[in-house]
Amino acid sequence: MKSAQIPKLVGRLINLIVRVSPKLGARMALYLFRYPQAGKIKSKHAELQDAETKTLYLNKSKIQTYRWKGEGKRVLLMHGWQSNSARWTPLLPGLQEKSYDVISMDAPAHGASDGRFFDAYQYALTLDVVVKHFNPEVIIAHSVGGLAALYYKSHFESNGIKKIISLGAPDRLIDLTSVFIKLLGFSEQTIKAYDREFTKFFENDQDYYNAADFVKKIDIPGTVIHDRNDKLNLYRDGVNIAENWKDSTFYTTSRLGHSLQSEEVYNIIMNELEKT
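Heads up: the sequence shown begins at 0 in numbering that gives the first Met the number 0, then just goes up one per residue.
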């Protein structure tokens, strides 16, 4: 069986379950949407061994953090979906050269942190624990890490944060859900059941989770970096976020895709940190 066929088979199974028990089928779909299949720390990530590690906790669940101490601004790094703190390895030398005090965190169910499931809201809750402990001045966040950071800043008390640098963040959560639904081939009945379960679980419907709405409530400067060829979170997402963020600077890159791993992006980040 080809691996591309597996999601469709899973989707058909959930469609069948929803016909018998809409609640059970919808709950399975929501769990699947929140279940990362990659992102755990591997032995090859030796670069993290040089960091000072500290374990924090949210409701007894471990949050793994890493620190490269410096005398300069305190910077917090947040990775995206199915990734971990090792993704920041190429950026670290530049930050250390400028003597920034660098913190990185593994999201729930990623890296060396606890958990089986992950979403931007849960990421924001763990971020609150990390912010209260380390008091960073700047957050640099990639992909859904950016969405979580923007949600956090617009919903939590965090006066010490002076700037957020967002890389390739999604705007509307419902757009990500649409990709997930299409991949699995959910029926209309399953989609409706999923919407009900989502609203019940998060106490808001999917339309609520829009980064472009969150930034309207943010009163600190921001930097938005997005690539024209981002196939996961489309370029329009970055445009929407920047246009609705009153005090933000927007940078466009090309041919870097969603990862935004390049010297061009690192130079933008370093220049924006100097402005903070």
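Ideal Cβ positions, reconstructed from N, Cα and C, are used throughout, including at glycine.
Enclosing alpha helix (DSSP H) for residue i [first to last residue]
i: Lys152; result: 143 to 154
i: Ser177; result: 172 to 183
i: Gln121; result: 119 to 133
i: Glu196; result: 187 to 201
i: Lys274; result: 262 to 274
i: Val214; result: Unbroken run through Val214: none, as it is neither H nor E.
i: Leu94; result: 91 to 96
i: Lys7; result: 5 to 19
For residue j and residue i, the rounded distance between their alpha carbons
i: Tyr150; j: Leu15; result: 35 Å
i: Trp67; j: Ala148; result: 21 Å
i: Pro169; j: Asp236; result: 6 Å
i: Lys191; j: Gly69; result: 50 Å
i: Arg33; j: Val130; result: 23 Å
i: Lys53; j: Arg18; result: 47 Å
i: Arg115; j: Thr125; result: 14 Å
i: Glu119; j: Gly10; result: Correcting the residue type first, residue 119 is Ala in the shown sequence and not Glu. If I take the Cα positions, the gap works out to 23 Å.
i: Glu242; j: Ser186; result: 35 Å
i: Asn341; j: Asp105; result: With the chain covering 0 to 275 only, the question about residue 341 has no answer from this structure.
i: Gly204; j: Lys274; result: The residue you asked about is not Gly; residue 204 is Asp in the sequence shown. So the two alpha carbons sit approximately 37 Å from each other.
i: Ile173; j: Asp194; result: 10 Å
i: Gly184; j: Leu175; result: 14 Å
i: Gln48; j: Pro21; result: 46 Å
Buried/exposed call for residue i, threshold 16 Cβ in 10 Å
i: Ile177; result: Note that residue 177 is Ser in the sequence shown here, rather than Ile. Exposed: under 16 other Cβ atoms inside 10 Å.
i: Gln63; result: buried
i: Pro92; result: exposed
i: Asp226; result: buried
i: Tyr208; result: buried
i: Leu12; result: exposed
i: Ser253; result: exposed
i: Glu276; result: Absent from the structure is residue 276, since the part of the chain shown begins at 0 and ends at 275.
i: Lys152; result: buried
i: Thr251; result: exposed
i: Leu255; result: buried
CB of residue i within 8 Å of CB of residue j, strictly
i: Ile160; j: Glu196; result: no
i: Leu166; j: Pro6; result: no
i: Pro107; j: Gln121; result: yes
i: Ile267; j: Leu90; result: no
i: Ala37; j: Gln4; result: no
i: Ile163; j: Ile219; result: yes
i: Val264; j: Ile240; result: no
i: Asn134; j: Gly110; result: no
i: Asn232; j: Ser142; result: yes
i: Trp87; j: Leu76; result: yes
i: Asp113; j: Phe155; result: no
i: Gly79; j: Gly144; result: yes
N- and C-terminal bounds of the beta strand (DSSP E) containing residue i
i: Arg235; result: Careful: Arg235 lies outside any beta strand (DSSP E), inside the alpha helix (DSSP H) at 234 to 243.
i: Ile297; result: Absent from the model: residue 297. The displayed extent of the chain is 0 to 275, so no value can be given.
i: Phe116; result: That residue, Phe116, is in no beta strand (DSSP E); it is neither H nor E in DSSP.
i: Gly221; result: 221 to 226
i: Lys61; result: 60 to 67
i: Leu47; result: First-last for Leu47: undefined, no H or E at that position.
i: Thr248; result: 247 to 252
Cβ-heavy atom distance, residue i to the ligand NAP, below 7 Å
i: Pro220; result: Inclusion of the ligand NAP in the displayed structure is not the case, the ligand content being empty and no account of it being possible.
*Is the region 12 to 31 touching the region 94 to 114, taking contact as three or more C-beta pairs under 8 Å?*
no
*Evaluate the contact criterion for the region 200 to 218 versus the region 242 to 255: three or more CB pairs, one atom per stretch, below 8 Å.*
yes
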